[in-house]
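Protein sequence lines correspond, in order, to chains Z and W.
Numbering of the first sequence is given in the numbering used here, commencing with residue 1176 and proceeding in unit increments.
Numbering of the second sequence is given in the numbering used here, commencing with residue 3 and proceeding in unit increments.
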Amino acid sequence: QKEVEQDPGPLSVPEGAIVSLNCTYSNSAFQYFMWYRQYSRKGPELLMYTYSSGNKEDGRFTAQVDKSSKYISLFIRDSQPSDSATYLCAGSTNAGKSTFGDGTTLTVKP
Amino acid sequence: DAEITQSPRHKITETGRQVTLACHQTWNHNNMFWYRQDLGHGLRLIHYSYGVQDTNKGEVSDGYSVSRSNTEDLPLTLESAASSQTSVYFCASSEGAGTGENEQFFGPGTRLTVL
């Protein structure tokens, strides 16, 4: 079993929709949780970074972490065609090494 | 501006040849990582380093080696390239263990084809 499992997708939504991207993890030592966005033929870029449980909001993006159920979510409000990309979740211990999910490819149609 | 660069961006080589992929970061980060990304497998960790002279194996380290002689560089060497090593390779860096700054910054990637 992988340490981080991500809903595989692909996901296709109309512009303006609310998008929910989800991951589960098995390593109880994870304290840091990240979401990365990767456009085609580019390197991943950090989108959201969360420590421990709770919510974090940044514009149209909200990251949620529930450590009791080992569940990580990313919500995108008012989705735009420019949000079309692959989204990777990741968990990390204090040591610095991260474990990534396989990614969910999102397409937002105008 | 601080950045992380990779070279070459594209490489075609033949089976059995030694290949070295360069990674250079100007963030002054202690941690550096090498990943490969293949369809259906996401990002898989090859090797990583927590500082100068420190190297560690990741989940797919067979056939690869790294060395860390300074803070800025972590070159990845394929000792004898195999067709199974055709992939996109990403280098990343992060500030350091215990700092709480675990977010990684990625380079643009190297697309390697082994014929």
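Where a beta carbon is used, it is the ideal one built from N, C-alpha and C, also for glycine.
By the neighbour-count criterion, in which 16 or more other beta carbons inside 10 Å mark a residue as buried, G1276(Z) falls on the buried side. Listed in chain order, the positions of the segment 1191 to 1205 of chain Z with a beta carbon within less than 7 Å of a beta carbon of chain W would be empty, since no residue qualifies. In this structure D1258(Z) is buried. Its beta-carbon is surrounded by 16 or more other beta-carbon atoms within 10 angstroms. For E1232(Z), the uninterrupted beta strand (DSSP E) run begins and ends at 1229 to 1233, by DSSP. Here DSSP, grouped into helix, strand and coil, assigns Q87(W) to helix.
Here S96(W) carries a strand assignment [DSSP, helix/strand/coil].
Judged by DSSP secondary structure, I14(W) falls within the beta strand (DSSP E) whose first and last residues are 12 to 15. Taking a contact to require three or more Cβ pairs closer than 8 Å, the segment 1231 to 1241 of chain Z and the segment 1184 to 1195 of chain Z do not qualify as touching. Across the structure, T1261(Z) and Q1176(Z) are spaced so that their CA atoms are roughly 22 Å apart.
Within chain W, the C-beta atoms nearer than 9 Å to that of E1220(Z) come from F107, F108, in chain order. DSSP, read as helix, strand or coil, puts P77(W) in coil.
Note that the C-beta distance between E74(W) and H26(W) is below 8 Å. Spanning the alpha carbons of T1282(Z) and P1256(Z) requires a straight line of approximately 7 Å. Here DSSP, grouped into helix, strand and coil, assigns P1183(Z) to coil. Contact between M1209(Z) and Y1226(Z) fails: their C-beta atoms lie close to 10 Å from each other, not under 8 Å. Beta-bridge partners of Y1214(Z) (DSSP): none assigned.
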